[in-house]
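What follows is one structure encoded as structure tokens, with my remarks underneath.
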Ligand SMILES: [Zn+2]
């Protein structure tokens with residue numbers, strides 16, 4: 452197969468939105484009275500991106516590498532991306548591009564888009580222009596629309612020209 456050097460992956464994550472937690476998305480601390488709850492920093496965007504990268508390289512999923520142990524308590528999503536970046540480059544992969552959607556009712560996030568892309572690109576050691584981040588809302592419906600959770604969906608394309616099959 453002539454185009455065997457490209458691999459695509461999908462990632463999805465959801466965390467509950469609660470009082471008493473910091474809100475961190477794409478490695479950016481966001482001013483808000485609630486934050487995402489989880490064993491780690493609960494950065495849904497970084498987690499979905501990590502899962503998409505692992506998926507594209509067929510290296511399993513986030514939970515496999517970063518279980519809910521003391522070692523990974525409160526760990527930054529950017530640290531996870533750095534670790535995943537090492538895993539995929541060891542397997543011969545480079546990031547071509549990433550597209551993502553963050554589904555969050557409040558607060559408005561567009562002002563943070565560039566910083567999120569820069570932070571995650573920094574962790575992956577790629578140009579931030581390769582990371583697209585889009586925002587949408589739940590329009591009052593479901594767990595996101597009623598402010599109980601935030602979700603992220605990511606697709607990532609990797610290249611590996613060592614792959615011939
Ligand atoms: Zn997560």
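Residue numbers (the working numbering): 452 to 616.
Ideal Cβ positions, reconstructed from N, Cα and C, are used throughout, including at glycine.
Item to check | Beta-carbon contacts of residue 456 that lie in its chain and below 7 Å, excluding the five residues immediately before and after | outcome: 610, 611, 612, 614
Item to check | Inter-residue spacing [alpha-carbon to alpha-carbon] between residue 452 and residue 543 | outcome: Only weak support exists for where residue 452 lies, its pLDDT of 47 falling under 50; the coordinates are left without a value.
Checklist entry - Roughly how far, in whole angstroms, is the beta-carbon of residue 605 from the beta-carbon of residue 551, given that I think they are within contact range, below 8 Å? => result 4 Å
Checklist entry - Going by C-alpha distance, which of 463, 494, 460, 465 is nearest residue 474? => result 494
Next on the checklist: Helix, strand or coil, according to DSSP, for residue 539 in the structure here?
Outcome noted: helix
Checklist entry - Around the C-beta of residue 568, are 16 or more other C-beta atoms found within 10 angstroms, so that it is buried, or is it exposed? => result buried
Checklist entry - Cβ of residue 479 versus every heavy atom of ligand 1: is any distance shorter than 7 Å? => result no
Next on the checklist: Along the chain, where does the beta strand (DSSP E) containing residue 466 start, and where does it finish?
Outcome noted: 457-470
Checklist entry - What is the chain-ordered set of residues for which the beta carbon lies under 5 Å from any non-hydrogen atom of ligand 1? => result 464, 498
Checklist entry - Measuring CA to CA, which of 507, 546, 472, 571 is closest to residue 531? => result 571
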